[in-house]
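Numbering (our numbering), first residue to last: 528 to 1002. Even glycine gets a Cβ: it sits at the ideal position worked out from N, Cα and C.
Printed below as a string of structure tokens:
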């Protein structure tokens, strides 16, 4: 099975900043003010909600996550049995996603999550993973109390495997909201890929600090909502970054932010099912780009406060499933419903209109009968058709042995390109490499701010960068 490719684009370069608020972790969390998260936290902080992070594990010992991480599950022999160890020694990807969702805050040098009172359920696939691992992880999360399942990962395949589709549908049937990153251009993605393109999943694209569509995010008709992805800071194990944080840009972080917002909505509206949680999320989004749903922003930019306060009509089904047609099962196959439904709709506003409509309804079959008689008369005058060609591959015939259905593989794409991650300005940087590629050199270390009281060594000060690890999911 091919290796899993986590969907987070390469980090942008961050230049050292002057000594001001931006030197702190909280100062780097620009998206908190942009999304009005302080106002949202006056309403709810996500208490009582469980967010499953399907990734390479979560470092439960990080100061930002102490007390936030429940015992989870490792789905293969390489993963920690309870998921509470980050096996991604180069990026700490799972820890970062967990921190973005539910970092507990506690000061300017601490990550404040979107839903700091929510709990993280780590479902670890270890440093390397396969499609089968993702399937097992999603099913386990759905069976073990996950209200939200965060999938900051993606594949290089255009079509999801049947097992992955079944796993997603199973999670939806268990009333979980499934959130997935849309994908990143820098990783070679050109369209929204599985699992984000599976109907019913909240597929997340990204926007920049000005609210414009981020060029590094993929776009496509499956996009559901847009979230900040530009320069997102997050906690990572000290073995990844001596100061305990990295800064990067990608739809992985955008998806984690949305998972946090979903946790807030579920906490504020505990009686709503997943369908109505999703409906509230998308109906309160701020429209951006072309009017209505579009390939870049989906239904718009996420608006947490509106999602928590606005009046939204109830729905009876997941709005992302209504009218959704599955992909073709073989090359050239028509999608179900392509020929369903009337070609013309008639509206009745008065009696005269009713008479016209009845006349049209009666007239159509009569006209069709006349046309049929004319066609039959013409066919009688035509010579008989030529005999079919006896040779294989003749026009209108499939090649010998051509399968009725083309095989699909939900393997994961090649490792992403090198992804540099950075600690807060003025702190040691960190370079990352994809699996199987030469390690990049680290930027020279500089002096980090003093750690806060009670958290010795976090962030680290004057420590040399760690040696490169053998694997990468992606930062």
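Boundaries (first-last residue) of the beta strand (DSSP E) holding residue i
i           : result
residue 755 : 752-755
residue 582 : 577-582
residue 759 : 759-762
residue 618 : From DSSP, residue 618 is part of no beta strand (DSSP E); its letter is neither H nor E.
residue 772 : 772-775
residue 649 : 646-651
residue 786 : Looking at the DSSP string, residue 786 is not in any beta strand (DSSP E); the run it does join, the alpha helix (DSSP H), is 778-795.
Beta-carbon separation (whole angstroms), residue i vs residue j, contact threshold 8 Å
i            : j           : result
residue 773  : residue 761 : 6 Å
residue 1060 : residue 784 : The chain is shown from 528 up to 1002; residue 1060 falls before or after that span and cannot be answered.
residue 618  : residue 726 : Not quite, the Cβ-Cβ distance comes to about 30 Å (not below 8 Å), so this is no contact.
residue 586  : residue 624 : Not confirmed; about 11 Å, so no contact.
residue 630  : residue 606 : The Cβ separation is near 22 Å, so there is no contact.
residue 662  : residue 691 : 6 Å
Residue closest to residue i, alpha-carbon to alpha-carbon, out of the options
i           : options            : result
residue 836 : 735, 571, 559, 560 : 571
residue 647 : 609, 689, 740, 727 : 609
residue 790 : 675, 653, 667, 822 : 675
residue 614 : 678, 591, 636, 649 : 649
residue 708 : 589, 580, 638      : 580
residue 677 : 698, 683, 687      : 698
residue 638 : 656, 724, 748, 559 : 559
Straight-line gap, residue i to residue j (C-alpha atoms, nearest Å)
i           : j           : result
residue 627 : residue 801 : 21 Å
residue 729 : residue 573 : 19 Å
residue 717 : residue 746 : 8 Å
residue 660 : residue 603 : 7 Å
residue 817 : residue 828 : 12 Å
residue 824 : residue 809 : 11 Å
residue 722 : residue 552 : 31 Å
residue 955 : residue 769 : With a pLDDT of 35 at residue 955, under the threshold of 50, the modelled position of that residue is not reliable, and the figure given next carries that caveat. Roughly 7 Å between the two C-alpha positions.
residue 562 : residue 736 : 11 Å
residue 763 : residue 794 : 26 Å
residue 706 : residue 786 : 6 Å
residue 778 : residue 652 : 20 Å
residue 693 : residue 658 : 12 Å
residue 566 : residue 644 : 15 Å
residue 830 : residue 811 : 6 Å
residue 775 : residue 756 : 8 Å
residue 598 : residue 612 : 11 Å
Residue environment, residue i, which counts as buried when at least 16 other CB atoms sit within 10 Å
i           : result
residue 622 : buried
residue 813 : exposed
residue 672 : exposed
residue 600 : buried
residue 765 : buried
residue 849 : exposed
residue 700 : exposed
residue 843 : exposed
residue 732 : buried
residue 670 : exposed
residue 689 : exposed
residue 590 : buried
residue 841 : exposed
Endpoints, alpha helix (DSSP H) assigned at residue i
i           : result
residue 558 : 557-561
Heavy atom of the ligand SAM within 7 Å of residue i beta-carbon
i           : result
residue 626 : Ligands displayed in this structure: none; no statement on the ligand SAM is therefore possible.
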